Amino acid sequence: MRVEGELATKSSGAQLVSKKANRPSKKGKRRQRRPDCKPTMVQRLFDTCKVVFAEATAGFVPPPEDVSRIRSILDSLKPTDVGLSPKLPFFKNIDTSMPPSITYLHVYECHQFSIGIFCLPPSAIIPLHNHPGMTVFSKILFGSMHIKSYDWVVVSQDSVEDPIEALSSGERLAKVKTDEVFTAPCETSILYPASGGNMHCFTAKTKCAVLDVLGPPYSIPDRNCTYYYDRVYAKHAGESPLDIGQGDGYSWLHERAGQPEELLVIGAEYSGPTIVEG
1 MRVEGELATK SSGAQLVSKK ANRPSKKGKR RQRRPDCKPT MVQRLFDTCK
51 VVFAEATAGF VPPPEDVSRI RSILDSLKPT DVGLSPKLPF FKNIDTSMPP
101 SITYLHVYEC HQFSIGIFCL PPSAIIPLHN HPGMTVFSKI LFGSMHIKSY
151 DWVVVSQDSV EDPIEALSSG ERLAKVKTDE VFTAPCETSI LYPASGGNMH
201 CFTAKTKCAV LDVLGPPYSI PDRNCTYYYD RVYAKHAGES PLDIGQGDGY
251 SWLHERAGQP EELLVIGAEY SGPTIVEG
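Just so you know, full-length UniProt numbering puts 129 at position 129 of the sequence shown, and the rest follows in order with no gaps.
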């Protein structure tokens, strides 16, 4: 991975290059909301996530009513609610000789959950990666984005579902969950530790921004991110443990070593409404 400046943190699977640290001040942490002050949308999101993910550990899945609570807020969220506009320089690809860099705005993170925003110029790609043990909410704030996602193909034995073993070449069989273009405004997408498209890839069709809520967040080494190549099913069709014909809707995923060199995520300061802890 190309790095410019001081290495900051790792979130949503990508190492970040920080232009400016974005840590809430002690003074900010001590602030209390006035009882008569209507909370901002991002404050409502934080307050809800704090309750829903209070006991979140790897593999935690919120009950359906709590999933609906978070999704309802995200579905109503607008770019202006987090201080974003397509006119910001994050969404311009200045150096066309290189893959577009992606800007990550760190909104909040604790041991139980994180909130962050990815700002993608046109044609920028977040390569195929996983979310081990996580429930993830993704809300496209503006623009159009192609999302392709997979889940591992599993076999049921004694009421227990296990992923199919990898081939000798390292590939494992996965089933496509999503393969389409989404344009804002659209519903929030949700993936779970073992379903819903836990491994996904984002490709910006236009300049776009996506807000992610991860519960729990990435953590090294417990919940580290893995990147994958996806290969056509026909490549190893003769070795497939399943009889699925031409394998439409299936691919072989092969783990990549480390982080993709073509992926550059630059950390920048979140300038939207302040989150008040308390």
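We put the beta carbon where it would ideally sit given N, CA and C, even for glycine. Values in this document were obtained by computation on a predicted structure and should not be read as measured data.
query, result
"Could you have a look at Pro-260 and say whether DSSP puts it in helix, strand or coil?", "coil"
"Would the beta-carbon of Thr-40 be found less than 7 Å away from any heavy atom of the ligand PLP?", "Although the ligand PLP was asked about, the structure shown includes no ligands whatsoever."
"For Ser-168, collect the residues of the same chain with a Cβ closer than 7 Å to its Cβ; drop the 5 residues on either side in sequence, then sort them by chain order.", "none"
"Going by beta-carbon coordinates alone, are Phe-60 and Gly-215 separated by less than 8 Å?", "yes"
"Please report the distance separating the alpha-carbon of Val-210 from that of Ala-194.", "22 Å"
"Would you call Leu-105 buried or exposed, if buried means 16 or more other Cβ atoms sit within 10 Å of its Cβ?", "buried"
"With burial defined as no fewer than 16 other Cβ atoms inside 10 Å of the residue's Cβ, what is the status of Thr-103: buried or exposed?", "buried"
"Near Thr-48, which residues of its chain fall below 7 Å by C-beta distance, leaving aside the five closest residues on each side in sequence?", "Arg-69, Ile-70, Ile-73"
"If you run the structure through DSSP and keep just helix, strand and coil, what is Glu-269?", "coil"
"Are the stretch 213-232 and the stretch 249-260 in contact at 8 Å, needing three or more beta carbon pairs?", "yes"
"Which runs of the beta strand (DSSP E) spanning at least 3 residues fall entirely within the stretch 97-184, listed in chain order?", "102-109, 114-120, 125-129, 135-142, 144-152, 154-157, 160-163, 172-183"
"Alpha helix (DSSP H) containing Ile-190: first to last residue?", "That residue, Ile-190, is in no alpha helix (DSSP H); its beta strand (DSSP E) goes 189-191."
"8 Å is my cut-off, CB to CB: does Gly-278 come that close to chain B?", "Looking at the structure shown, chain B is missing, and only one protein chain is on hand."
"Considering only their Cβ atoms, is the gap separating Pro-39 from Phe-113 smaller than 8 Å?", "no"
"Could you tell me the distance, in whole angstroms, from the CA atom of Glu-180 to the CA atom of Gly-83?", "28 Å"
"Expressed to the nearest angstrom, what Euclidean distance is found between the alpha-carbon atoms of Asp-66 and Thr-96?", "43 Å"
"Among Gly-143, Asp-81, Ile-244, which has the Cα closest to the Cα of Tyr-233?", "Ile-244"
"Identify every residue that forms a DSSP beta bridge with Cys-49.", "According to DSSP, Cys-49 bridges with nothing at all."
"Have a look at Lys-27 and Glu-269 and give me their C-alpha separation to the nearest angstrom.", "Note on Lys-27: pLDDT 39, under 50, position unreliable in the model; the coordinate value appears next. Taking the straight line from one Cα to the other gives about 18 Å."
"How big is the Cα-Cα spacing for Gly-249 and Cys-201?", "16 Å"
"Give a yes or no on whether the C-beta atoms belonging to Leu-127 and Pro-260 are separated by under 8 Å.", "It is Pro, not Leu, that sits at residue 127 in the sequence shown. For Pro-127 and Pro-260, yes; Cβs fall inside 8 Å."
"Give me the Cβ distance between Ile-220 and Phe-137, rounded to the nearest whole Å; I'm assuming they're in contact under 8 Å.", "Between Phe-137 and Ile-220 the Cβ distance is about 22 Å, and since that is not below 8 Å, they are no contact."
"Output the distance between the C-alpha atoms of Lys-177 and Asp-151, rounded to the nearest integer angstrom.", "7 Å"
"Nearest to Cys-119 by CA position, among Thr-57, Lys-92, Asp-222, Thr-188, is which residue?", "Lys-92"
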